[in-house]
Each structure stands twice: as structure tokens, then as C-alpha cells.
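Q: Input: one structure, supplied below.
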Amino acid sequence: RHSRAQREHRRQRHRSGAMTVGFVGYTNAGKSSLFRALSGKSVLVEDRLFSTLETTVGRMVESPRILLADTIGFIDNIPNATLAAFRATLAEAIEADLVMVLVDASDSLTEIERKLAATQREVFERHQRMEEEENRSPPPVALVYTKSDKIDAEARAEVADATRWSGFTDILWISTHDGSGLDHLKDAMCTALFGSVTSLLIRQDHSGMEEPMGKIVADVHQNGLVLSKETLESEDMTVDVWMSESTRQQLVHRWAGRVEVK
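Quick note on the numbering used here: the sequence shown kicks off at 22 and runs consecutively.
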């Protein structure tokens, strides 16, 4: 029953046009701390095996269109009696539009390799089933090393070298303790979800007969992540924004003659 309810919640979020980023990794990899840093939403962050018992979904603070799913961490030797419930809960993150695999960079190299291998098996086996059994394309997967403030440049190079076998080409380094890497992480998330930045031209209405520009700009903000705005001499406005292709098409159609892609 719990699994069915989660699937329905995922379908509702998908229908709303929101994109979901799922955090996966071992317990204490820093998933809940990152969730809190990006969403501003308080979640239980403590050193306990089952501190995140249910999937917690929050909204990335800068965008109404990006949801974050934080769920239970991977656990070694999980009892068979709880394995099905564990995987049903984990599916919330693994079946997101973007999966971010979080690994504690301050672990030993042996632990990092072991945890990364186990995480890969859980994630990619599920993605393979999505392709073979459900005829769905699996989401992109990114590797994020957390707690990077705890290691020096030499140790970071060793971790990166030990990661090459994993198949991850782009490695992100972050620390929620000092905030380093978070802006780059947000950019990487938006690029993976939406592709390149869209430049929109919003035309000013000089007749006084149509909707004011402010209403159109508010609609753009509601449906995307606005990076910059500039008012031109003509009183038209250019807006650089991250948004999905379908949302962009709907916006241009809704404001036909007033909004176009540059």
C-alpha cells in the first residue's frame, strides 16, 4: 500500500510539471544536510541508522519547479524482512528526473570504493529494470562528494583517481558546512534537468490594451528559474531562465505575440 501511495505521489508531481532530484547514498553521506541547505526545510539530521524513515520531499528555494527527494540511506546487511519496504521507499529517489549519488569524501579510499560499488548496484539495477520491464528511459546520474572541507587537495586527487573505474565522468565536490560547491551543484542540477539556459524576449504593450508586462514576468518566475533580466531601450525585456522545453512552449503559446525565444 505504501509503495502504491508513493507511486501516485510521483505521478501527481510529474503531472504538475515539477522536476524531481533524488539524493541517494549510504547513511551519513550528507543527504539530509544537503537537502536542508538547498530547500531551507528542516529535516532530521543525526547519526542514526533510520533517522530518515520516510521520503521527505522539499522544494529548492530558488525554483518552484524543482523538488528534492531525500530518503533512507543505504545500509549494509539490511534484514530481508525490511528489504521490500526499504526498496519501495528508495524508489522515490532512484526514479527521480535526476539522481545524485552522494558519497562522503572523508571516508577511507577502501570505504569509498566499497560504498560506491554498492550504491551503483542498487541504482543501476533499478534503472536497468526501468528500461527492460517498463520501457522507460532511466534518469541521468551524477556523483557528488560531500564533506569536501574535511580533506585537502592531495586527498581529493586520490579520491578522484580512485573513482575513475566507476564510469562517472563529472565529479562534484561540496561542503554544506562551509557552503563550497553548492552554487556549482545547483548549476549542474539545472543543466541536467533543463539543458541550456533559455533567453526570452518579452515585448512591452504600448497600447495599454493587453496584460501588463509584470504579469508575464511573474509567470516566467513561477515556471522557471530566472537567472537575469534586462530592460531594453524599447521597454521590452530579455530574461535568461532555466525551464523545461514543454514549459517553454506553453509559456510562448500562452503569451503569443508577447513572448518569444531569442
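Here a beta-carbon is modelled for each residue, glycine too, at the ideal position from N, C-alpha and C.
So, is residue 88 buried or exposed, given that buried needs 16 or more other C-beta atoms within 10 angstroms?
A: Under this definition residue 88 is a buried residue.
Q: Please classify residue 292: does DSSP put it in a helix, a strand, or coil?
A: No information on residue 292 is available, as it lies outside the stretch 22 to 283 that the chain covers here.
Q: Compare the beta carbon distance of residue 56 and residue 114 with 7 angstroms and say whether it is the shorter of the two.
A: Not in contact: residue 56 and residue 114 (Cβ atoms no closer than 7 angstroms).
Q: Check whether the Cβ atoms of residue 197 and residue 54 sit closer than 7 angstroms, and answer yes or no.
A: Going by C-beta atoms, residue 197 is nearer than 7 angstroms to residue 54.
Q: Who are the Cβ neighbours of residue 130 in its own chain at under 6 angstroms, not counting the five residues just before and after it?
A: Closer than 6 angstroms at Cβ, skipping near neighbours: 183.
Q: Report yes if the CB atom of residue 246 is closer than 7 angstroms to the CB atom of residue 283, and no otherwise.
A: Not in contact: residue 246 and residue 283 (Cβ atoms no closer than 7 angstroms).
Q: Among the residues of its own chain, which have a CB less than 7 angstroms from the CB of residue 209, if the five just before and after it don't count?
A: Cβ neighbours of residue 209 beyond the five flanking positions: 163, 193.
Q: Give a yes or no on contact between the region 116-129 and the region 145-163, applying the rule of three or more CB pairs nearer than 8 angstroms.
A: The answer is yes - the region 145-163 touches the region 116-129, with three or more Cβ pairs under 8 angstroms.
Q: From what residue to what residue does the alpha helix (DSSP H) around residue 257 run?
A: Counting along the chain, residue 257 falls outside any alpha helix (DSSP H), and DSSP gives it neither H nor E.
Q: Smallest Cα separation from residue 257: which of 233, 263, 127, 48?
A: Residue 257 has its Cα closest to that of 233, out of 233, 263, 127, 48.
Q: Since I believe residue 51 is in contact with residue 167 (beta carbons under 8 angstroms), could you give me their beta-carbon distance rounded to a whole number of angstroms?
A: Contact flag correct, Cβ pair sits at about 3 angstroms.
Q: For a quick check, are the C-beta atoms of residue 171 and residue 127 less than 7 angstroms apart?
A: Contact flag set, yes.
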